[in-house]
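I have placed the structure first, in the form of structure tokens, so that the comments after it can refer back to it.
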Amino acid sequence: MDYDPDFSKKSNAELSSCLTKYTEEHELYLRALSELSKREKLAEDKIASQFSKAIFWSRLAAILALPGALFVIWWIVLSIHP
5 MDYDPDFSKK SNAELSSCLT KYTEEHELYL RALSELSKRE KLAEDKIASQ
55 FSKAIFWSRL AAILALPGAL FVIWWIVLSI HP
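Numbering (our numbering), first residue to last: 5 to 86.
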């Protein structure tokens, strides 16, 4: 039912119909908003998880690369000054 600024001319059944339609649309809007919020939260959690994994692997790579770098420096120093 379209918006009518003069509701005093409408019958109780018409007003009830308008209110029911509005209520249904509002409930649908709230459900859609809730679903969107859930999906956004899941996406944020997934990004946070991936970021944590990336930090872990980068730190592990740095820790594992350190002995190799020290060995290369030691090798260069020994080759320059035998």
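Virtual Cβ for every residue (Gly too), placed ideally from N, Cα, C.
Unbroken alpha helix (DSSP H) run spanning residue i, endpoints
i: K42; result: N16 to I84
Cβ separation of residue i and residue j, assumed to be a contact under 8 Å, to the nearest whole Å
i: L19; j: F11; result: 6 Å
Sequence-distant residues of the same chain with beta carbon closer than 7 Å to residue i, five excluded per side
i: I84; result: none
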